[in-house]
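Chains as they are written, first to last, in our numbering: chain B, 1094 to 1355; chain S, 1094 to 1355; chain F, 1094 to 1355.
Structure first, commentary second.
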């Protein structure tokens, strides 16, 4: 791995300790005698797929997660959005716990799930619900606070132009779809205050990219910049996403982002 | 949720009772003391993700499922097609039971699975098989009747024009693929009488949309209309699908449908 | 199934014996009294979905898997790549065992997983890891041999032209993504000697096709031919893939392949 030396750096043990559970997947946490300290890849991955373990330790956790170009909180938002959107519930448990540790509030994490129920479909969200229940219960999250009335943001948060375009495109052929898109998704959902408009944009961009719906990204990329995401944050979010949704999906999303935002 | 008042209506208790299992996912059916009647969202969703629970109760079950623009039987066909195509077996159990309750015959439900094995691949169908076994066994479905010889429909049900186009496109580069496409998929599968051509079209449109293969939809949309689906039914099927495959996939499919059929 | 007679042939019993576990999914191996010999579809599929069982026995295993146009080893590589890329871990166990039986070495199978971690994302690879562990343990694979230092192939195996194109496209907007793409994916990964360049191409083409990323296939198809795959092997690999990723994904990939390679 000669070239990798330039992108890899030694991971801090305390950081690794927090990360290990997400990857160990029920494997024993004790390092084998051949190892001197635990690594995020975990002993099974190291034993069976050493190449992948090297990338996990040196590139993903040793380099990418630690880059200051995107906050750990934002990286966690991108990661859980990808895992929910692609139905990877086995990996969600560890990463939802990390998200809460990285500053994502429970109300926001629940807001992500509501948001993605609409963008990715109920089955993906319902499957994630079980994981949320386990993580919230284990961390003693105050469920009552999630029940608090969620005020709607001002109508200015919604976009009349977007609604008109939807009505123009689908209003004749599928009037109910146009109505639901405008009233439920663009208006009611985006105006909910349990997740900021900026975070909704980040989560939407991540989910669309992970699902291969890069042909829908253009308006959400522009809207993301209007909502406060920087171009550098979006580029870094898609770089991070390459590891969780794969290089193929990241390359397609990056191609659109480069054209729309550069 | 001010705007939602216009799209929501109060759900009938008996309807909800039948729907709850599909969403409760092993959660206790007793409503918490704070509730006066069970709702389709279930107590876990209500407690952890109240925003999503509101959409589940008020929009998906309180409004969309009850619209007369598409029969409950057709909604069930769309729903199980999406769940099989996207590998959401956890949600399939409840919805397959509902499909049988909504008038989909066991022979037809099995026909859907055979059809989707070819369109979505064996692994998706094989994973669904276990769920079918549980549901059929629980409902005492007469398995012997499924074994009855399935007569082939008349050759007219297949399309010579389609076969010729396939041979022209793939016959030189991949002759075996052209042969299998024509003889197994277009001829043998589409002529099986365990599922009507109209239902095959509905299920194919739903599966292609859910898998993001909207670039293949055009011929199947036209064929669907020839097979007896109305434009309004297709528009409503894709509106329904938005909740099970997500808004992104529905938007892409609706864009093609609007262009092809409007 | 009149037309199917032309594509079906009687399966050899010993072949079927080896194939059955992948499809039986925990179902009892004893054939029902109505059957005279076990068939790959298994008794549950035969009882519940006889149409699909017919295609499984007569077309998929009775015809496609036995065609000499692609070796069993290559068919196994395509199959496990598709299963990992689409997260079908339930089917992976049987097919990984068959892959090892068909001549894929454990080091190569591990190389496939490392390769697909980058192309399809960590969660897909991490979910497959558990299956690898069970299969390697059950077959007594010598784990120590997997730890052997993997020499890098010569730099000539990487392509300066490809790196320059990446830098030109993404270097300004997302410099870290361009760096990782060039140094980790195109250089380090593709030069690892645990999987040949020819097999990497086969696995990459299968994974991109199965994930619906056919818009990225063109350069990997050309590269595949440079790395030693024949056009006929690629056409047969995509024909085989139709059964594991579905006809829709195969049709899209075949369309690109026909245009790029014919």
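Where is the CB? At the ideal position from N, CA and C, for every residue including glycine.
Please read these numbers as outputs of a predicted model, since none were measured by experiment.
| Query | Result |
| --- | --- |
| Cβ separation of residue 1271 of chain B and residue 1259 of chain B, assumed to be a contact under 8 Å, to the nearest whole Å | 5 Å |
| Residue 1170 of chain S beta carbon less than 7 Å from that of residue 1295 of chain S | yes |
| Reduced DSSP secondary structure (H/G/I, E/B, other) of residue 1285 of chain B | strand |
| Residues within the region 1300-1314 of chain B neighbouring chain S, beta-carbon criterion of under 8 Å | 1300, 1301, 1304, 1305, 1306, 1308 and 1309 |
| Alpha helix (DSSP H) segment containing residue 1214 of chain S, residue limits | No alpha helix (DSSP H) holds residue 1214 of chain S; DSSP gives it neither H nor E. |
| Exposure label - residue 1216 of chain B; buried when at least 16 CB within 10 Å | buried |
| Contact set between the region 1141-1174 of chain B and chain F, restricted to residues whose Cβ is under 9 Å from the partner | 1141, 1142, 1143, 1144, 1145, 1146, 1147, 1148, 1149, 1152, 1153, 1156, 1157, 1160 and 1162 |
| Proximal chain S residues relative to residue 1355 of chain F, where beta-carbon distance stays under 7 Å | 1265 and 1266 |
| Interface partners of residue 1336 of chain S on chain B, CB under 7 Å | 1214 and 1215 |
| Exposure label - residue 1199 of chain S; buried when at least 16 CB within 10 Å | buried |
| Rounded separation between residue 1182 of chain S and residue 1304 of chain S - CA only | 15 Å |
| Chain-ordered residues of the region 1281-1295 of chain F with a beta carbon less than 7 Å from chain B | 1281, 1285 and 1287 |
| Paired residues, beta bridge with residue 1245 of chain F - DSSP | F/1285 |
| With 16 other Cβ atoms within 10 Å as the buried cut-off, status of residue 1235 of chain F | exposed |
| Same chain, Cβ closer than 8 Å to residue 1287 of chain S, neighbours up to 5 away in sequence not counted | 1200, 1201, 1203, 1204, 1207 and 1243 |
| Proximity below 7 Å, CB of residue 1166 of chain S to CB of residue 1144 of chain S | no |
| Within chain S, the residues that residue 1341 of chain F reaches when beta carbons sit closer than 8 Å | 1212, 1213, 1300, 1301, 1304, 1306 and 1309 |
| is_contact[residue 1138 of chain S, chain B] using C-beta, thresh 7 Å | yes |
| Beta carbon of residue 1212 of chain S nearer than 7 Å to that of residue 1158 of chain F | no |
| Residue 1150 of chain S - DSSP class collapsed to helix/strand/coil | helix |
| Cutoff 6 Å; reference residue 1245 of chain S; Cβ partners in own chain excluding five residues on either side | 1284 |
| Where residue 1209 of chain S meets chain B, residues with beta-carbon distance less than 8 Å | Within chain B, no residue comes near residue 1209 of chain S; the closest Cβ sits about 16 Å away, beyond 8 Å. |
| Residue 1329 of chain F beta carbon less than 7 Å from that of residue 1162 of chain F | yes |
| Coarse secondary structure for residue 1296 of chain B, derived from DSSP in three states | helix |
| Terminal residues of the alpha helix (DSSP H) in which residue 1262 of chain S lies | 1253-1263 |
| Integer Cβ distance of residue 1133 of chain F from residue 1154 of chain F, believed to fall under 8 Å | 4 Å |
| Close-in-space but distant-in-sequence residues of the same chain around residue 1193 of chain F (CB under 7 Å, 5 per side omitted) | 1199, 1202 and 1232 |
| Residue-chain proximity (residue 1198 of chain F, chain S), Cβ-Cβ < 7 Å | no |
| Amino acids of chain B, ordered along the chain, whose beta-carbon sits closer than 8 Å to that of residue 1345 of chain F | Neighbours of residue 1345 of chain F on chain B: none; closest Cβ ~12 Å, over 8 Å. |
| Chain-ordered neighbours of residue 1351 of chain S on chain B, where CB pairs are closer than 9 Å | 1262, 1263, 1265, 1266 and 1267 |
| Residues near residue 1227 of chain B in its chain [Cβ-Cβ closer than 8 Å; skip 5 each side] | 1186 |
| Proximal residues of chain S, C-beta to C-beta of residue 1233 of chain B below 9 Å | The contacting residues do not exist; residue 1233 of chain B stays about 14 Å from chain S at best. |
| Inter-residue spacing [alpha-carbon to alpha-carbon] between residue 1221 of chain F and residue 1139 of chain F | 28 Å |
| Residue 1272 of chain B (DSSP reduced to helix, strand or coil) | helix |
| Proximal residues of chain B, C-beta to C-beta of residue 1237 of chain S below 9 Å | Residues of chain B passing the Cβ test: none, with the nearest at roughly 32 Å. |
| Per-residue burial, residue 1342 of chain F [other beta carbons within 10 Å of its own, 16 or more giving buried] | buried |
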